[in-house]
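A short worksheet on the structure shown next.
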Amino acid sequence: MNPESLVFFNLQIYLLGFIFFLSLNNTVFVKTTGAISLVISTLGVIVTSSLLVNNPGTVILTYDWLPVGDEPVHFILLINAQTRFMLFLVQVIACFVNLFSMKYMSDDPGVNRFFAYLNLFVFSMLGLVLAGNLLQLYFFWELVGFCSYLLIGFWYAKKTANAAAIKAFLVNRIGDAFFLAGIFLLYYLYGTFRFDDYAHLSVIERNYIYLDAGQLQTLAVGLLFGGVMAKSAQLPLQVWLPDAMEGPTPASALIHAATMVVAGVFLLGRISPLITADAGLFISITGALTSVIAGFSALYQYDLKKVLAFSTVSQLGFMVAGMGMGEMASSLFHLTTHAFFKAGLFLCAGAIISYLHHEQDMRKMGDLIRKMPTVFAAFLICSGALIGLPLSGGYLSKESILNAAWIYGLRSADYKLVVPVLLTLASFLTTCYVVRMVVMVFFQREDSPVEIILDTTKKTVDGALKSIKGLLTADNKGSGEDRIIQFIRNLGVFDTVTLGLAFCSLWFFYSSNPLHPEDTWFFREFGGIHEMYDWLPWLVGFLILSALLISYNSTLEEIRRYYFKQPEGRWQRWFSRLALRQFYMDNLYERLYRKVFTGRWSILKPVSYIETAWIDAAVVKLGKSSLYLAKMAGTLEKEVVDASVMGFFAGIKSLGNKIRKWGNGNIQLYLTGLIIALAAMVFILIIL
Amino acid sequence: MSVLQEIFQSSTRILPEWVLFFGILAACLALAFTKEGYKLPAYVFAFTVILYVYSLIISASQVTVQGESLYQGLLHLDKRALLIKQLGGIAAIVFLVHARLFSYKLPGEVYVLTLFVLFGISFLSMTTHFLTAYVSLELISLASYALVASGKMKENFEAGIKYLIFGATASAIMLFGISLFYGLSHSLDFSSAAFAESLARNPTGPVQVISFMVLGGFLFKIAAAPFHHWVPDVYESTSTPVISFLSFAPKAAGFIFISRMVAADYTNLNYTLALVIVLSLVVGNFAALWQNNFKRLLGYSGIAQSGFILTGLITGNNTDVYGTFFYLVIYLPITMGSFFLADFIRTKGGTLDIPSMAGLGKKYPLLGVNSLVILISLVGLPPTAGFLAKLVVFSSLADAAATSSGYLLYGLLVFGLFNAAISLYYYLRPAYMMIIRDPAAKNTGFSYDLFITLILSWFSFTLIYLFVKPDFISEWVSGVF
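Heads up: the sequence lines are chains A and B, in that order. When you line the first sequence up against numbering that gives the first Met the number 0, it's residues 0 to 687, in that order. When you line the second sequence up against numbering that gives the first Met the number 0, it's residues 0 to 480, in that order.
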């Protein structure tokens, strides 16, 4: 198949799946949707991998779409390296999530709705990835936002879920307003929406008022970044993502960790030729700041999914900062590794929550190491990747971003140094909250720490080795298939999926060298790394070790305090409150909202006055006049049309009665009538 | 060829009538030598009718479209006559099936008299001679009077007397008209050239009036106004299978005779017929509007239907009466099916009072559906054959109107359509009562009659099938022209 039909086939199976699943509402086939959806996503993965294997280079498919200005806006499918890996990534994660949801959602009555939304989401995400111009991307951007809204509010009867869905939707609308403004400003500057034009075109020369062309371009990129802030949860619009965890966990794994939230990063990658130095600095500082603040927030959360949500925000900060620094390759690399290990973590969390009957408070967990050893192994591998331990994919990607950041900072050695410092701090914080999470969720609370470490390490290594061995040997021998089946049968769906994702988070997926990111295929594809600081791994390693020790002790302390109900220290309490309330950002927005919309000096008052006094009044007048007209018509109908019809009817009735009265059996009368009628007819005939 | 030879020659051509003749003799003998309550006359009747239909079928190949003159012009045997005789035979079979299915204990005389009616129809359908027409018409009429009066109730006798008086009046008027015609033309065969020639020498006014008087006897037979007064009483009191037969077969014979008079084309009968049609439609439709007895309703409906069938005889430049024959063929299942339906309703609901039919269709869904189909085809709406029948007659009327001068025929067309719309009301009232209304009292009795339901469904299936595939009728009917 040529790329065109491949891509269209790929898109349409998800769309058809969406329609089909929705049409199954309230039928007995609802239970089958999971399996059908799994078939669809497997097909999608196969189709896309054929696109990866037979690398067709950059393909641009153009169709006529909208006439705008002199030349029409085309509907463009842009398939280049960035598109291809993203297509594959989205569908692989979707496939994993699908498999997981089959069990996780199986008892939900609205399971067909869930899979329908999931398919619609994958369709729109693929559309976003394939979009060849900004308008088209914007369209699918809104569509994924809508899917996210649907899935956050999937349990619509739950009040918090509904509120979270609306919050996510509104915050995203704010970002989209900026985004749209940015799109049109870019069109004003370049006269095109197409991504492939931005690389080689330059700004149209005309007299720009107030700002010169470069400044305008910075502004445009800044506006576009407004959209990224909302979608990828960057400061200050990140408030919606932690609340979005109200949705079903598999949906959170797919949408709010692995794929949709990185759409912003993807967009920055698409417009990377346009990012000016100033805009880049703004973007990277925002990203770095986000990652620190989110990491700090994650440190004090009790809700397992919220920890993961803040960690996602923090990692997104890394990627965005990387994009700002112009390191597209590192950023996309981190996007990929993050997608796998974060989806893995979320699905582990889903398994844990399911096991604990919807208990999400980490302080009440513990001891799960014995009860769910396989999930623990997967969780540990993914956590290692998140921290950036060697032998994991996360190590490679994070290292490359940190390295790039230090190069970026040290090259000019001025305030740009803020970025690498913040990012290093963020990676320190990452270690802290990950260790806290692992300890709280899995570790036994009575045993000595040394024993735990030994025990778990042994178990983890054993489990991981076993699984890897099993899979590796299975690849070589035909009889291995049985072993895989056996393996899966023993493991169950949750274990399989989480182990699979953990497996994808290991290094060999990305590079042959586990300790050095230079060999990664990403850098071959998107441009390599120029230089490496040898001291950086040592610095990061030291930070990780110290964070590990600090966090382990403080977590044990925290658990102890929780059990004995001791209050925290003054500073700690202050930090905790700060973190839990997201640095009072929610409060700020709420107050701002009150001021603007409902307060005494609200700007809405004149607006509402105009609305009620003029527009409403006019509408009411119009309604009244049409009511009057309707009344007139009604009267006409009743008095004239109806009355004439009824009169006619009554006339016929009386005529009929008269004729009927004739037949009352008086034969003389009949005969007289006959003769009269005959005479009359003869008379008429003679006249005629 | 001597006259005697021609008589012998002609006698070989009327095999079906011979069958009927010997069948009547056999039935009379069977009646005379069996005790009351024996079924022998019925068997003889069945045998005779089946043999009659069979002989019609085997003699069909000898009959030509133009026809041949028998007995020196007393009879005129052609395909149209054959069609009407076939319809009469089928009607007699339906009559028998109807009577057997509802287990009527009809006296043996009824079968003999019905054979006489059939005998009369057989001759009336193949004559263009006033003398034969009068004799065969009287044969039908006298047998019909006796049939109507054959019940033992007071009403039967009253209806029979009423029927007799109106029939006698109509016959008197007709005979007077025939004698006038004979005086004008010295001929009784109205299809002969001499008849038309001599009438052409007379003014049209008197010829029209005389034609109308002659038509009177046949208008009486087809129950058209103003000779309709006997209809409601007779229809109400006569036993249903008998009136089912009488409502179709003599009517068909009357129509073929009128159509022959129209086709003879000695004068333009359009205005006469138009007057009769208008009067019939008004009387039939408007009197039916507030009828509460279903059989009485069918009587008035028969008057109106006669008006519609006569519409097909209104001719333009060509004397084509295809519409009437087409309507007649479809009228057989419609009218006999509706009388069958009436009997079915009576056995299920106990009464023919329309308001008390409420809820019957809910209790017996097949009855409800079938009654809806039959009543809709009485109205003449798709998807039933009744629609096609009305369509054909009205389109032929529209053709005639287009070729004629003046607006009278257009007026008739509009009036006819208007009346068809009015008829919707009273035809659908029983169906509405049966299907929409809830039964007044919860009657727990439920009897299931497979054969009756099957036959009723056969009627309505025929009506729908003929709507979908009218080729069968149109080939059959267009074969006679």
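Beta carbons: idealized from backbone N, C-alpha and C, even for Gly.
**OP:** Go ahead and pull the three-state DSSP assignment for Arg436(B).
**Re:** coil
Original post:
If we call anything under 8 Å between Cβ atoms a contact, is Gly43(A) one with Val110(A)?
Top reply: A distance of 8 Å or more separates the beta carbons of Gly43(A) and Val110(A).
Original post:
Quick one: Cα of Ser190(B) to Cα of Tyr181(B), how far?
Top reply: 13 Å
**OP:** Report the three-state DSSP secondary structure of Glu157(B) (helix, strand or coil).
**Re:** Three-state result, Glu157(B): helix.
Original post:
Got a sec, what are the start and stop residues for the alpha helix (DSSP H) Asp175(A) sits in?
Top reply: 158-189
Original post:
Does the separation of the CB atoms of Gly215(B) and Met173(B) fall below 8 Å?
Top reply: With contacts defined as CB atoms closer than 8 Å, Gly215(B) and Met173(B) qualify as a contacting pair.
Subject >> Range covered by the alpha helix (DSSP H) that runs through Glu524(A) >> reply: 520-525
Original post:
Just checking my contact of Leu127(A) with Phe139(A) at CB under 8 Å: how many whole Å lie between their CB atoms?
Top reply: 4 Å
Original post:
Sorted by chain position, which residues of the same chain lie with C-beta nearer than 7 Å to Asn9(A)'s C-beta, five sequence neighbours on each side aside?
Top reply: Gly43, Val46, Thr47, Leu125
Subject >> Rounded Cβ spacing between Lys323(A) and Leu280(A) (contact assumed at less than 8 Å) >> reply: Before going on, a small fix: residue 323(A) reads as Gly here, not Lys. With 8 Å as the limit, Gly323(A) and Leu280(A) qualify as a contact, their Cβ atoms being about 7 Å apart.
Subject >> Met356(B) versus Pro364(B): straight-line alpha-carbon distance, rounded >> reply: 13 Å
Original post:
So the alpha helix (DSSP H) Val206(B) belongs to, where does it begin and stop?
Top reply: 203-220
Original post:
Short check: CB of Thr127(B) to CB of Ala91(B), under 8 Å?
Top reply: no
Original post:
So what does Tyr62(A) bridge to, in DSSP terms?
Top reply: Phe74(A)
**OP:** Provide the residue span of the beta strand (DSSP E) that contains Glu204(A), from first to last.
**Re:** Segment: none, Glu204(A) is in no beta strand (DSSP E) and carries neither H nor E.
**OP:** Measure the beta-carbon distance from Ala328(A) to Cys431(A) and round it to whole angstroms, keeping in mind my assumption that it falls under 8 Å.
**Re:** Incorrect: roughly 28 Å between the Cβ atoms, too far for contact.
**OP:** Output, in sequence order along the chain, the residues in the stretch 183-208 of chain B whose CB is closer than 8 Å to any CB in chain A.
**Re:** Gly204, Gln207, Val208
Original post:
According to a CB-to-CB cut-off of less than 9 Å, which residues of the stretch 645-657 of chain A neighbour chain B?
Top reply: Ile651, Lys652, Leu654, Gly655, Asn656, Lys657
Original post:
chain A partners of Ile164(B), CB-CB under 9 Å?
Top reply: Ile666, Tyr669, Leu670
**OP:** Whole angstroms is fine: what's the gap from Tyr162(B)'s alpha carbon to Leu141(B)'s?
**Re:** 10 Å
**OP:** Go through its chain and collect everything with a Cβ distance to Lys476(A)'s Cβ below 6 Å, but skip five positions before and after it.
**Re:** Bear in mind that the predicted position of Lys476(A) carries a pLDDT of just 49, short of 50, making it unreliable; the figure below should be weighed with that in mind. Here the set comprises nothing.
Subject >> Identity of the residues DSSP links to His228(B) by a beta bridge >> reply: In DSSP, His228(B) forms no bridge with anything.
**OP:** Determine which residues of the stretch 620-645 of chain A have a Cβ less than 8 Å from any Cβ of chain B, and write them out in chain order.
**Re:** none
Original post:
Quick one: complete alpha helix (DSSP H) runs, 4+ long, within the stretch 208-280 of chain A?
Top reply: Those alpha helix (DSSP H) runs which fall completely within the stretch 208-280 of chain A and span 4+ residues are 212-230, 239-242, 248-252, 262-269.
**OP:** Pull up the distance between the alpha-carbon of Gln667(A) and that of Phe165(B), whole angstroms please.
**Re:** 11 Å
**OP:** Please state whether DSSP places Asp398(B) in a helix, a strand or coil.
**Re:** helix
Subject >> Same chain, Cβ closer than 8 Å to Leu98(A), neighbours up to 5 away in sequence not counted >> reply: Excluding the 5 residues flanking it on each side, Leu98(A) has same chain C-beta neighbours closer than 8 Å at Leu37, Val492, Thr495, Val496, in chain order.
Original post:
Which residues share a DSSP beta bridge with Asp470(B)?
Top reply: Answer by DSSP bridge pairing: none, since Asp470(B) is not bridged.
Original post:
Nearest-angstrom Cα distance between Gly16(A) and Asn118(A)?
Top reply: If I take the Cα positions, the gap works out to 6 Å.
Original post:
So which residues on chain C does Ala678(A) lean against when the C-beta distance must stay under 9 Å?
Top reply: Among the chains of the structure shown, chain C does not appear; the protein chains present are A and B.
**OP:** Compare the beta carbon distance of Pro240(B) and Lys220(B) with 8 Å and say whether it is the shorter of the two.
**Re:** no
**OP:** Report the partner residues of Asp188(B) according to the DSSP bridge assignment.
**Re:** The beta-bridge partner set that DSSP reports for Asp188(B) consists of His128(B).
Subject >> Extent of the continuous alpha helix (DSSP H) run through Leu28(B) >> reply: 14-32
Subject >> Simplified DSSP assignment, three categories, for Glu67(B) >> reply: If DSSP states are grouped into helix, strand and coil, Glu67(B) belongs with the strands.
Original post:
Where do the ends of the alpha helix (DSSP H) carrying His333(A) lie?
Top reply: 327-354
**OP:** Output, in sequence order along the chain, the residues in the stretch 266-287 of chain B whose CB is closer than 7 Å to any CB in chain A.
**Re:** Correct list: Tyr270, Thr271, Leu274, Val282, Phe285, Ala286.
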